[in-house]
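Residue numbering for the sequence shown is 1483 to 1879, as defined by the numbering used here. Don't be surprised by glycine CBs; every beta carbon is placed ideally from N, CA and C.
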Amino acid sequence: MATKRRPKRSSKKTTPSPLPMVVRIVFTTIVLLVLGGLAYLAFFSKGPTLSGNRAREIVLLSFSEAGVPATEVNSRIGDNGYPIFQTTMKPAAANRFRKILKQKIQGMNASLSTERFGNSRLVLLKSGNETWRIILKGAIKKKYVKKPRHSTTKKKVPTHPAKGFLETHKGEPRIAIILDDVGLGHMKAFKKALNIPYPLTFAILPFRRYSRECAAMARGRGFDMIVHMPMEPDGYPREDPGPGAIFEKDSRELIEKKIQAAIDNIQYAVGMNNHMGSKATSVPFTMRVVMRKLKAEGLFFIDSRTTAETVALNEARAAGVPSLPRNVFLDNSRKPQDIKKQLEIAVKEAQKTGYAVAIGHNYPETAGVLAKELPLLDRKVNFVYVRELVNEAGKPN
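Here it is in C-alpha cells:
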C-alpha cells in the first residue's frame, strides 16, 4: 500500500498586516491630543492664576488709582503665609478701590469677596489656593444720629496730663496698644499677637534671648516696635530691671552709652518706653540725659508711669521730644475677664479725651483677649500705632 506524502511545511513565517498597528498608534495619538486639549481648556478657561508678586503689584496699583499712595498702605505676612494689606479709606474711596481691583483681575483665575467687621471692610482676593487679605479701615459709613436742636449738654474739652500737648482731636477716638516685655519668651503668645490684624506696637527688651528674633519677626510682619528700656525701680536690687539698665547713679556718658547700645540691639525701633523705672523716671537729671539722647536719635518716648513721681514727660517736653503717658494697664491681672474690663476702660478714656495709650504684656491671655475683642471694639474706636498718636498729640510746643 502506497503511503501518502505529507505536503512540506513552508519555512517562511507569515507576518501580520501592518495596518492594525498604524491604526492603534493614530488612535492613541488622537486620544492624547484630545485629552491634552481638554486639560488645557480646563486650566486656562478661567485665565492665569495670580503669583505673589503680581498680586501685590495689582493691589498697590489699584490703591494708587483710587487715590491712596503705596506709602500709606501697611503690609505684613498673615498666618496663611500671604500678605495682609491695610490702610484707612473713606467709604467712597473704598468702593472705588474695589471696583478698580475687580476690573484688573478680569480674565484671571481670581475672585473677590468682601466681609464687614466694625467700620471696616475685609476684602479677600483669592486665586487658586492663595488668599490675600485687604483691610480697609473706615470704609463703612457710620449711621448719622440726629442730635437735639437745643442741647443742654456742655461740650467736653479734651484734657491732657501735661502742657504742650494738642488740645483737640479730629475724627474717631483712637487707641494705641503697646505690648511690653517682648524678647523674654512666651513665643507662642508673641506669634499669636503677630497674627492680629490691627496695629500693635511691640516694646522689646534689649539684650534678651529672643530680642533680635522678635524684632526681625515684627519688622517682617510690618509692625512697629520700640525699645523697652530697662530702668532702675524703687525696689532694686530685689527687683532687677535686667541687663543694660539705666540707674540713678549713672553718669551722662554712661546713660548715653547704654541707650545707644539698646538702640543698636533693637535696630528697627521708632521710640522708647521704660521697663520698671519707678526710681529712674523720678530723677530729673537722669531723665534729662535720656531725653536729650532720644532727641538726637529722632525717637519718641512713652512714659509707662510706674510711679506718680515721674518727671519723664516734663523733661521730654523741655528737650523737644514727642511723648505721651500710658493711660491704662491692661493686664495687671491676667484673667481674661479683667483684661477685657481694662480694654473697655481704655475705650472710654479714648471717647472722653480723643485718644488713649494702653499697655499690656506679651502674655498668652492678653493676646487671646486682643484677638477676640479688637474686631468688636473696632466699631467704637480706631486702633492705631502709638507713633501716630505721638506725632499728633504728643508733639511739644
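Assign residue i to buried or exposed, taking buried as 16 or more other Cβ atoms, counted over all protein chains shown, within 10 Å of its Cβ.
i        : result
Met-1769 : buried
Leu-1517 : exposed
Met-1707 : buried
Asn-1873 : exposed
Ile-1507 : exposed
Pro-1630 : Residue placement at Pro-1630 cannot be trusted, given a pLDDT of 36 that sits under 50; the coordinates are not used to answer.
Leu-1514 : exposed
Phe-1579 : buried
Thr-1848 : buried
Ile-1831 : The sequence given here places Glu at residue 1831; Ile does not occur at that position. Counting Cβ neighbours within 10 Å, Glu-1831 comes out buried, since at least 16 surround it.
Glu-1797 : buried
Thr-1510 : exposed
Met-1503 : exposed
Pro-1565 : buried
Ser-1595 : exposed
Lys-1740 : buried
Asp-1732 : buried
Under the three-state reduction of DSSP, which class applies to residue i: helix, strand or coil?
i        : result
Ala-1840 : strand
Lys-1652 : Confidence at Lys-1652 is low in this model, with a pLDDT of 44, below 50, so its placement is unreliable and the value that follows should be read with caution. Note: Lys-1652 maps to coil in three-state DSSP.
Gly-1702 : helix
Phe-1689 : coil
Met-1571 : coil
Val-1772 : helix
Thr-1683 : strand
Lys-1740 : helix
Ser-1593 : strand
Asp-1722 : coil
Lys-1638 : For Lys-1638, the pLDDT reaches just 35, beneath the cut-off of 50, and the residue's location in the model is therefore unreliable, although a value from the coordinates is still provided. In this structure, Lys-1638 counts as coil in the three-state DSSP scheme.
Arg-1787 : coil
Thr-1531 : coil
Glu-1539 : helix
Asp-1860 : coil
Lys-1619 : strand
Thr-1613 : strand
Gly-1753 : strand
Looking at residue i: is its Cβ nearer than 8 Å to the Cβ of residue j?
i        : j        : result
Glu-1738 : Ala-1727 : no
Asp-1716 : Ser-1760 : yes
Ile-1784 : Val-1709 : no
Val-1605 : Met-1571 : no
Gly-1429 : Ser-1602 : No answer is possible for residue 1429: the residues shown for the chain start at 1483 and end at 1879.
Leu-1682 : Ile-1659 : yes
Leu-1736 : Met-1754 : no
Ala-1548 : Ala-1575 : yes
Ile-1678 : Leu-1856 : yes
Val-1752 : Arg-1869 : yes
Ser-1557 : Phe-1567 : yes
Phe-1705 : Asn-1844 : no
Lys-1674 : Ala-1853 : yes
So residue i and residue j are supposed to be a Cβ contact under 8 Å. How far apart are they, rounded?
i        : j        : result
Arg-1690 : Leu-1666 : 6 Å
Pro-1688 : Ile-1748 : 6 Å
Ile-1827 : Val-1810 : 5 Å
Gln-1824 : Pro-1655 : With 8 Å as the limit, Gln-1824 and Pro-1655 do not qualify as a contact, their Cβ atoms being about 16 Å apart.
Ser-1786 : Asn-1756 : 5 Å
Arg-1808 : Ile-1841 : 5 Å
Val-1863 : Ile-1587 : That belief does not hold up - the Cβ atoms of Val-1863 and Ile-1587 are roughly 33 Å apart, past 8 Å.
Rounded to whole angstroms, what's the CA-CA distance from residue i to residue j? Just pull it up for me.
i        : j        : result
Gln-1819 : Pro-1846 : 14 Å
Glu-1597 : Arg-1615 : 11 Å
Lys-1775 : Lys-1608 : 48 Å
Thr-1569 : Val-1793 : 36 Å
Lys-1877 : Gly-1702 : 28 Å
Ile-1582 : Asp-1663 : 43 Å
Pro-1766 : Phe-1729 : 12 Å
Ile-1540 : Arg-1734 : 52 Å
Asp-1722 : Arg-1538 : 46 Å
Tyr-1837 : Leu-1859 : 14 Å
Ala-1697 : Pro-1712 : 17 Å
Gly-1724 : His-1668 : 17 Å
Arg-1861 : Phe-1684 : 24 Å
Thr-1835 : Asn-1611 : 45 Å
Lys-1532 : Val-1555 : The identity of residue 1532 in the sequence shown is Leu, whereas the question assumes Lys. Spanning the two alpha carbons is a distance of roughly 20 Å.
Phe-1525 : Lys-1584 : Its pLDDT being 48, under 50, Phe-1525 is placed unreliably by the model, and the measurement read from it follows with that caveat. One C-alpha to the other measures close to 21 Å.
Ser-1593 : Tyr-1680 : 24 Å
Arg-1536 : Val-1829 : 39 Å
Ile-1686 : Tyr-1718 : 21 Å
Glu-1779 : Ala-1743 : 12 Å
Thr-1789 : Met-1699 : 32 Å
Phe-1865 : Asp-1746 : 29 Å
Ser-1693 : Tyr-1750 : 12 Å
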